[in-house]
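These notes concern the structure reproduced below.
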Amino acid sequence: GTGLDALIKGKGKKYVGFCADSGLLSNAQNAAILQAESGQLTPENSMKWQSIEPSQNSFSYGGADTLVNWAVSNNKIIRGHTFVWHSQLPSWVSNINNKATLTTVIQNHINAVAGRYKGKIYAWDVANEVFNDDGTRRSSVFSNVFGDWTFLDVAFRAARAADPAAKLCLNDYNLDYSGAKLTNFVQLVKDLIARGVPIDCVGTQSHLVVGNGAIPSFKTTLDSLASTGLEVQITELDIRTNSSPSSAQISQQVRDYTSVVSACMKTAACSGITVWGVSDKDSWVPQTFSGQGYALLWDNNYQKKQAYNGFVTGI
Ligand code: XIL
105 GTGLDALIKG KGKKYVGFCA DSGLLSNAQN AAILQAESGQ LTPENSMKWQ
155 SIEPSQNSFS YGGADTLVNW AVSNNKIIRG HTFVWHSQLP SWVSNINNKA
205 TLTTVIQNHI NAVAGRYKGK IYAWDVANEV FNDDGTRRSS VFSNVFGDWT
255 FLDVAFRAAR AADPAAKLCL NDYNLDYSGA KLTNFVQLVK DLIARGVPID
305 CVGTQSHLVV GNGAIPSFKT TLDSLASTGL EVQITELDIR TNSSPSSAQI
355 SQQVRDYTSV VSACMKTAAC SGITVWGVSD KDSWVPQTFS GQGYALLWDN
405 NYQKKQAYNG FVTGI
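Going by UniProt numbering, the first residue of the sequence shown is number 105, and it counts up by one from there.
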């Protein structure tokens, strides 16, 4: 094939993938692009706690099953996303104030979800966004009730027990700037490894802003993550501009996609790249970052942008 996934596999990497869920899989233009360009899918929302266990022991697998079945029948590997996360978390979990109860709840949730998809998941984001931007531990029901990092031990051990073949990842954002957040993230991973917690990979979301000074040195970030000795995955790549980008931003975005992809290519531990959506029309960026958009590789009409060529150049 000539799509991004085929190109990157031809250069020894494992995959290029995208996020999706049932709506985008039944969108013919979007699905055709996934068929041609993707080797991997991440459920954009359907496996989040709020989606899949909205009330205790009441599991709602419809959306996640749709994604998994589509991926399996179309020969795409899957990144499971995500178990322990402060966001899109139902209040029945965030209201728990007792460590024994929360431990059981985490174990039960992971056992059920990882167990249902056992053998079908390439990697799980076992925990997501556990740091603040200043590198301190983020406040969440998990960190607050445990009072330390050991909620991660519980989650990773439960995931390993439920699906021994899945790679287990710690995922976060804004690791791109070689600051305290990256330093402390890497140290936490090393600490987890040192105390025998089963962890196999680190994910860097890579929600980037066009022209940011850290992008040309993205390999430095990947090298720091690779210093853990684990597999490194770029898990949610997008590079946003103003909603109506200038021609300078458009050409900068091309160069920035090249820089990020080429940094992965030059980093042995970097196994694959997931882009957080196909078309700008369906991107999370405009809803989340006011006045910004244009972050992906296909335009509002599902036509390839110059950014796509920038990605190809990086491979
Ligand atoms: C986003 C989805 O793209 C949106 O549809 C949803 O409304 C909010 O979550 N970091 C993550 C992803 O780990 O799960 C988020 O996805 C984007 C930021």
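Just so you know, even glycine gets a beta-carbon here, dropped at the ideal spot from N, CA and C.
Looking only at its chain, what residues have a beta carbon closer than 6 angstroms to the beta carbon of residue 339, apart from the 5 residues adjacent to it on each side? Hits under 6 angstroms: 275, 307, 309 and 378.
Where residue 299 falls, given that 16 or more other Cβ within 10 Å makes a residue buried: It counts as exposed.
Along the beta strand (DSSP E) that carries residue 388, what are the first and last residues, could you check? Unbroken run through residue 388: none, as it is neither H nor E.
Limits of the alpha helix (DSSP H) - the one that residue 225 falls within: If you look at residue 225, you'll find it isn't in any alpha helix (DSSP H); DSSP assigns it neither H nor E.
Among 175, 206, 417 and 319, which residue has its Cα nearest to the Cα of residue 278? It is 319 whose Cα lies nearest to the Cα of residue 278.
Is it true that the CB of residue 134 sits closer than 8 angstroms to the CB of residue 382? Cβ atoms of residue 382 and residue 134: closer than 8 angstroms.
Range of the contiguous beta strand (DSSP E) that encloses residue 185: That run of the beta strand (DSSP E) goes 181-188.
So residue 327 is in the alpha helix (DSSP H); what residue range does that whole segment cover? Residues 322-330.
Would you mind sorting residue 362 into buried or exposed? The rule is 16 or more other CB atoms within 10 Å of its CB. Label assigned to residue 362: buried.
Please indicate yes or no: does the CB of residue 141 lie closer than 7 angstroms to some heavy atom of the ligand XIL? Flag unset: Cβ of residue 141 not near the ligand XIL.
From which residue to which residue does the alpha helix (DSSP H) around residue 363 run? Looking at the DSSP string, the run of the alpha helix (DSSP H) that includes residue 363 is 351-369.
Using 10 angstroms around the beta-carbon of residue 332, count the other beta-carbons present and answer buried if the total reaches 16, otherwise exposed. Under this definition residue 332 is a buried residue.
Mind checking whether the beta-carbon of residue 148 lies closer than 7 angstroms to any heavy atom of the ligand XIL? Under cutoff, so the answer is yes.
Given that a residue counts as buried once 16 or more other Cβ atoms are within 10 Å of its Cβ, and exposed if not, what is residue 409? Under this definition residue 409 is a buried residue.
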